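Working notes, structure below.
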Amino acid sequence: MMESTPQYRGRFAPSPTGPLHFGSLVAAMGSYLEARSREGQWLVRMEDIDPPREVAGSADSILHSLEHLGMHWDGAVLYQSRRYDAYDQALAELERAGHTYPCSCSRTEILKHAVVTGDGPIYPGTCRLGVNKQRLSYALRVRVSDGPVEFKDHIQGRIRRHLKQDVGDFVLRRADGLPAYQLAVVVDDAMQGISHVVRGCDLFSASLRQIYLQSLLGLAHPHYFHLPIVVNDKGEKLSKQTFAAPLDENRPVLELVRAWGFLGQDLPVLFEAASVSEFWAWAVPRWQLSGVPRQRQIPLSGLAGC
Ligand code: GLU
């Protein structure tokens, strides 16, 4: 059994871009089990600050699925769409300290000059020298430093990366005026007192950026755990865009057992007749973080017995 950590506060932070699917269930389950097995709190935050990507009704549908799967959260759900003032304040602080600069580059212009990685183009720093004054709208970027960002990932091991080489100066406020995900997450993790962030490896590069922003804003760094992500046969992350199948509402325990197996945990022999609450009562004390594969991604088709 893990030691009890009374100050543990974990969270699941879905974006309402579609219903909960198997990939997001894995992330929710990992964060839930790590929190509950340490007698910690588990919060849910709805990351609804990207209206163009949102799908109407999916915030409610995700919350309904979590409840149906017996994953009960502590406190009220925090909606990022109600927190714009807090993001503006953090941005103003970074601007005052000279960490940001306006950027007038269009995506096409960036792509012309940038090296593109799996996480997108590495911004070549064009507007560090000044913006194109004829443009009407500007994004705001943070200057990244030359030094490395380092952290201990409790699943993947010690990480040391250079943001300048891997990411470049990144956007904090988009040209359409919306705050960027990286900024909102850092502000909310701090405000909610999140001590442990358990989420998929697709957010690995996001963690580096977020740790960097925490340092600039003088905020505490949570502990990070990056779970393997579920990919399809083409190696694409399961998502609405890759047509991830919705969960089978009629067989919630089966879905939970599949996610449990994906996370490298010993599979129960017989679970046909169990309820979701029986599953969790069985699973929480048996959760072993050490069983989670240290892989970045695992194909759905490779799942034993699923
Ligand atoms: N909202 C992000 C997503 O659904 C996750 C954010 C996080 O866990 O920090 O991909």
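Those letters in the sequence shown? Residues 5 to 310, per my numbering, in order.
Where a beta carbon is used, it is the ideal one built from N, C-alpha and C, also for glycine.
Quantities reported herein were computed from a predicted structural model and do not represent experimental measurements.
Mind checking which residues open and close the beta strand (DSSP E) that includes lysine 312?
Absent from the structure is residue 312, since the part of the chain shown begins at 5 and ends at 310.
Tyrosine 91 and valine 148 - do their beta-carbons sit closer together than 8 Å?
Stepping through the sequence shown from its first residue, residue 148 is reached at position 144. Stepping through the sequence shown from its first residue, residue 91 is reached at position 87. Valine 148 is not a Cβ neighbour of tyrosine 91, given a cutoff of 8 Å.
If I follow the unbroken alpha helix (DSSP H) through tryptophan 284, where does it start and stop?
By one-based count along the sequence shown, residue 284 stands at place 280. For tryptophan 284, the enclosing alpha helix (DSSP H) has its first and last residue at 280-287.
Thinking C-alpha only, which one of Leu242, Leu304, Gly181, Thr104 is nearest leucine 140?
Along the sequence shown, one-based indexing puts residue 140 at 136. It is Gly181.
Based on Cα-Cα distance, which residue from Gly79, Lys116, Gln93 lies nearest to valine 191?
Counting from 1 along the sequence shown, the entry for residue 191 is found at position 187. Put simply, of Gly79, Lys116, Gln93 the residue whose alpha carbon is nearest the alpha carbon of valine 191 is Gln93.
Quick check on the burial criterion: 16 or more other C-beta atoms within 10 angstroms. Buried or exposed for valine 189?
As a position in the sequence shown, residue 189 is number 185, starting the count at 1. Valine 189 is buried by the Cβ-count criterion.
Please list the segments of the alpha helix (DSSP H) lying wholly inside the stretch 177-247, counting only runs of 4 or more residues, in order along the chain.
Complete alpha helix (DSSP H) runs here, min 4: 185-195, 208-221.
To the nearest angstrom, how far is the alpha carbon of alanine 60 from that of threonine 21?
What you label residue 60 is simply residue 56 of the sequence shown in a count that begins at 1. What you label residue 21 is simply residue 17 of the sequence shown in a count that begins at 1. Whole-angstrom Cα-Cα distance: 8 Å.
As a quick check of your reading: which residues have a C-beta less than 6 Å from at least one non-hydrogen atom of the ligand COA, in chain order?
As presented, the structure is devoid of the ligand COA, carrying the ligand GLU as its sole ligands.
Closest Cα partner of leucine 70 within the set Phe26, Gly124, Ser85, Phe229:
Working through the sequence shown from its first residue, we reach residue 70 at position 66. For the residues Phe26, Gly124, Ser85, Phe229, the minimum Cα distance to leucine 70 belongs to Phe26.
Please work out which residues of its chain come closer than 6 Å, Cβ to Cβ, to cysteine 310, disregarding the five sequence neighbours upstream and downstream, and give them in chain order.
To locate residue 310, count along the sequence shown from 1; it is residue 306. Here the model assigns cysteine 310 a pLDDT of 34, short of 50, so the residue's position is not dependable and the matter cannot be decided.
Taking the alpha carbon of arginine 177 as the reference point, which residue from Val81, Pro289, Cys107, Ala80 has its own alpha carbon closest?
For the purposes of this step, residue 177 is taken as the residue at position 173 of the sequence shown. For the residues Val81, Pro289, Cys107, Ala80, the minimum Cα distance to arginine 177 belongs to Cys107.
Which whole-angstrom value describes the C-beta separation of aspartate 157 and histidine 230, a residue pair presumed to lie in contact below a C-beta threshold of 8 Å?
Your numbering for residue 157 matches position 153 in the sequence shown. Your numbering for residue 230 matches position 226 in the sequence shown. With a Cβ gap of about 5 Å, aspartate 157 and histidine 230 count as contacting.
Tyrosine 228 vs serine 209 beta-carbon contact at 8 Å
Start at 1 with the first residue of the sequence shown, and residue 228 comes out as number 224. Start at 1 with the first residue of the sequence shown, and residue 209 comes out as number 205. Their beta carbons are not under 8 Å apart, which means tyrosine 228 does not touch serine 209 by this criterion.
With a threshold of 7 Å on Cβ separation, who are the neighbours of glycine 79 within its own chain once the five nearest residues in sequence on each side are excluded?
Along the sequence shown, read from residue 1 onward, the residue named residue 79 stands at position 75. Setting aside the 5 residues that flank it on each side, glycine 79 is surrounded in the same chain by Leu47, each with a C-beta closer than 7 Å to its C-beta; the list follows chain order.
Which whole-angstrom value describes the C-beta separation of asparagine 236 and proline 303, a residue pair presumed to lie in contact below a C-beta threshold of 8 Å?
As a first step, residue 236 must be located in the sequence shown, where it is residue number 232. As a first step, residue 303 must be located in the sequence shown, where it is residue number 299. Confirmed, Cβ separation roughly 7 Å.
Can you give me the start and stop residues for the alpha helix (DSSP H) that tryptophan 264 sits inside?
Position 260 of the sequence shown, counted from the first residue, corresponds to residue 264. Residues 256-266.
From valine 146 to glutamine 196, what distance separates their C-alpha atoms?
Residue 146 sits at position 142 when you count from the first residue of the sequence shown. Residue 196 sits at position 192 when you count from the first residue of the sequence shown. Going from the Cα of valine 146 to the Cα of glutamine 196 covers about 23 Å.
Do the CB positions of leucine 258 and glycine 34 come within less than 8 Å of each other?
Here residue 258 refers to the residue found at position 254 when the sequence shown is read from its first residue. Here residue 34 refers to the residue found at position 30 when the sequence shown is read from its first residue. Against a cut-off of 8 Å, the Cβ pair of glycine 34 and leucine 258 comes out as no contact.
When the distance is taken between beta carbons, is glutamate 51 closer than 8 Å to proline 23?
Position 19 of the sequence shown, counted from the start, is the residue given in the question as residue 23. Position 47 of the sequence shown, counted from the start, is the residue given in the question as residue 51. No, Cβ-Cβ distance for proline 23 and glutamate 51 is not below 8 Å.
Alpha carbon to alpha carbon, how far is cysteine 131 from methionine 75?
Sequence index remark: in the sequence shown, residue 131 carries index 127 (1-based). Sequence index remark: in the sequence shown, residue 75 carries index 71 (1-based). For cysteine 131 and methionine 75, the distance between alpha carbons rounds to 46 Å.
To the nearest angstrom, how far is it from the Cα of glycine 44 to the Cα of valine 288?
For this step, residue 44 is matched to residue 40 along the sequence shown. For this step, residue 288 is matched to residue 284 along the sequence shown. C-alpha of glycine 44 to C-alpha of valine 288: approximately 12 Å in a straight line.
If you check the beta carbons only, do valine 175 and alanine 224 fall under 8 Å apart?
For the purposes of this step, residue 175 is taken as residue 171 along the sequence shown, with counting starting at 1. For the purposes of this step, residue 224 is taken as residue 220 along the sequence shown, with counting starting at 1. In this structure, alanine 224 does not lie closer than 8 Å to valine 175 by Cβ.
Candidates Arg255, Gly134, Arg300: which alpha carbon is nearest alanine 278's?
Along the sequence shown, one-based indexing puts residue 278 at 274. The option with the nearest alpha carbon to alanine 278 is Arg255.
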